[in-house]
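**Q**
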Amino acid sequence: MRKLVREVVTFVRNAGGSDVWVSQGGKHTRINFTDPSGRKSHLLIHRGETVTTRYAAMIRSQLRRKIAP
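Going left to right, the sequence shown walks through residues 300 to 368 as our numbering numbers them.
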């Protein structure tokens, strides 16, 4: 989970996003960020989920769609 969160934060910053912060609740980890166009967005990662390669690919895909212009 930590590796996936670090990867997401790095991807957002490399794509030109900013204002990235991570908050953890009881059931989810929320990654808030501002995309390159200035729109605020977030990703939710369920904390009970085992992070498989397939699950990580799904999160990356969601992030690419949110960052895309």
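For each residue, glycine too, the CB sits at the ideal point set by N, CA and C.
1. Find out if the Cβ-Cβ distance for the pair V307, L343 is shorter than 9 Å.
2. How should D318 be labelled, buried or exposed, when 16 other C-beta atoms within 10 angstroms of its C-beta is the threshold for buried?
3. CB-CB under 8 Å to Q323, same chain, minus the five flanking residues each way: which ones, in chain order?
4. Which same chain residues end up closer than 6 Å to I366 when comparing Cβ atoms and leaving out the 5 residues on each side of it in sequence?
5. Determine which residues share a DSSP beta bridge with I344 and list them.
6. By the three-class DSSP mapping on this structure, what secondary structure does V319 have?
7. Kindly identify the DSSP beta-bridge partner or partners of T333.
**A** So, to answer that:
1. no
2. exposed
3. R329 and R346
4. A314 and D334
5. T328
6. strand
7. S317 and K339
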